[in-house]
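Colleague: As numbered in this note's numbering, residues 6 to 257 make up the sequence shown, in order.
Pasting in a structure now, in C-alpha cells, and then I'll have a few things to ask.
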Amino acid sequence: MSQPETSFPPARGLVVEGVSARYGNLMACRPVSLQVDPGELVALIGPNGAGKTSLIGALNGTVAGSGSISLDGQRIDGLPAWRRVGTGLTTVPDNRGLFPSLTVADNLRLGALLSDRARRDKALEDALDLFPFLRTRWTDAAGALSGGQQQMLAIAKCMACSPRVLLLDEPTQGLAPIIVDELAGVLRNLRARGLPILLVEQNQYLVEAVADRFLVLVGGQVVHSGPRAALADRERIAGLYLQRQDAATLSH
C-alpha cells in the first residue's frame, strides 16, 4: 500500500526563522521568526532602540546575524548583501539609500543593475508607471527633490530591481501628512500586485492604514503580534512599548 504524500511545497514569500542580529558581542535583536506572504504587508512596530532596524539589517545582510531566511522557498541567509538583492530581497533604508548628486535617471538605473537582464527595461518602466512624476524629473539631481519625492524615488529604485519582497524602514520620517497619505496608497498598490512587504514604522496612522498584521518588538524580541484590528487597543500597545528588558542597551 502506497504511503500518503507528506511533503509540502516550500512556503512562498519571506520566511524568517530564529533570526538574530548582533554588533560584535552586542546582541541587538534576539531570535525572531516571522512570515510575510505574497500580497501581505506585515508591520514591525516598537519603541526606539527595540532592534527593528537591526533586524532589517540582519535580513538584508548588512548586519551580522544568524538564523534561517528563505525567499520563495530558497535559503538566502548564507549570501552576502549584494547577492540577496539579486534574489529579489530589496530594502528602502531609513536614510533612503539614494545618491543625491546623481540624477533621478541614474539612481533608477543603478537600482535596475541587479535586476534580471531580460526584465531590466520592463522593471524600469514599471517603476516609472508607479511614480509618473519621476519622468518629469528625469535629469534632476536626486538631492533636488523634496523629502516626499525622494522617498518615492527610493521605492521606485527598489521596484526597478524586480523585487520579490520589499523591506521598508521608517519611510514616513520627515514627511508631511499629505505625503504619508500618498505613501499609503503606493503601499496598497504594491500589496495588491502581490508583493510581500515588511514595514518598520512608528507612524500609527500608516500602520493602521496598510498593515494586514503587526508584530511588536521590545528589547530585541517580539512581545506581541496580531491582526490590524488589534491596533485599535492603543492602551495595550502603549503598555507594551513601556516594557523594559534587563539586557544591555540595544541598538535601534
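Where a beta carbon is used, it is the ideal one built from N, C-alpha and C, also for glycine.
Just so you know, these numbers come straight off a predicted model, no measurement behind them.
Starting from Ala232, follow its DSSP beta bridges and name the residues at the other end.
Modeller: According to the sequence shown, residue 232 is Pro rather than Ala. According to DSSP, which records beta bridges pairwise, Pro232 is partnered with Arg218.
Colleague: Within 8 angstroms, do at least three Cβ pairs link the stretch 187-200 to the stretch 231-247?
Modeller: No: fewer than three Cβ pairs fall under 8 angstroms.
Colleague: Give a yes or no on contact between the stretch 31-45 and the stretch 218-225, applying the rule of three or more CB pairs nearer than 8 angstroms.
Modeller: Yes, the stretch 31-45 touches the stretch 218-225.
Colleague: How would you call Asp174, buried or exposed, if buried means at least 16 neighbouring beta carbons within 10 angstroms?
Modeller: Counting Cβ neighbours within 10 Å, Asp174 comes out buried, since at least 16 surround it.
Colleague: Could I get the ranges of all uninterrupted beta strand (DSSP E) runs contained in the stretch 28-93, with 3 residues as the minimum, in chain order?
Modeller: 31-41, 46-50 and 70-76, all fully within the stretch 28-93.
Colleague: How long is the line joining the alpha carbons of Leu236 and Thr144, rounded to whole angstroms?
Modeller: Each residue's Cα considered, the two are about 42 angstroms apart.
Colleague: Looking at the C-beta of Ser151, does it have a partner C-beta in chain B at a distance below 8 angstroms?
Modeller: Given the protein chain composition of this structure (a single chain), no chain B is represented.
Colleague: Measuring CB to CB, does Pro176 end up less than 8 angstroms from Leu158?
Modeller: No, they are not a contact pair.
Colleague: On the DSSP bridge list, what partners appear for Ile202?
Modeller: Beta-bridge pairing links Ile202 to Leu46 and Leu171.
Colleague: Does the beta-carbon distance from Leu245 to Val228 come in below 8 angstroms?
Modeller: Yes, the Cβ-Cβ distance between Leu245 and Val228 is below 8 angstroms.
Colleague: Mind checking which residues open and close the alpha helix (DSSP H) that includes Leu188?
Modeller: Looking at the DSSP string, the run of the alpha helix (DSSP H) that includes Leu188 is Pro182 to Ala197.
Colleague: Check whether the stretch 66-86 and the stretch 112-121 are in contact - that is, three or more C-beta pairs closer than 8 angstroms.
Modeller: Too few Cβ pairs lie closer than 8 angstroms, so no.
Colleague: Comparing alpha-carbon positions, which option in Leu220, Gln207, Arg218 and Gly153 lies nearest Pro52?
Modeller: It is Gln207 whose Cα lies nearest to the Cα of Pro52.
Colleague: So, helix, strand or coil for Thr95, using DSSP?
Modeller: Strand, per DSSP.
Colleague: Does DSSP classify Gly152 as helix, strand or coil?
Modeller: Note: Gly152 maps to helix in three-state DSSP.
Colleague: With 16 as the cutoff for other CB atoms within 10 Å, does Arg239 come out buried or exposed?
Modeller: By the neighbour-count rule (16 or more Cβ atoms within 10 Å), Arg239 is not buried but exposed.
Colleague: Residues in the same chain with beta-carbon distance under 6 angstroms from Gly153, minus the five sequence neighbours each way, listed in chain order, please.
Modeller: So the qualifying residues of the chain are Leu180 and Ile184.
Colleague: Assess, as a yes-or-no matter, whether the stretch 85-94 is touched by the stretch 127-137 under the definition of 3 or more beta carbon pairs within less than 8 angstroms.
Modeller: The stretch 127-137 is not in contact with the stretch 85-94.
Colleague: On a CA-only basis, which of Leu139, Arg241 and Leu64 is nearest Lys162? Give me that one, please.
Modeller: When each option's Cα is compared against that of Lys162, the closest is Leu139.
Colleague: Do Ile160 and Val212 have their beta-carbon atoms positioned less than 8 angstroms apart in this structure?
Modeller: It is not a contact, given that the beta carbons lie outside the stated cut-off.
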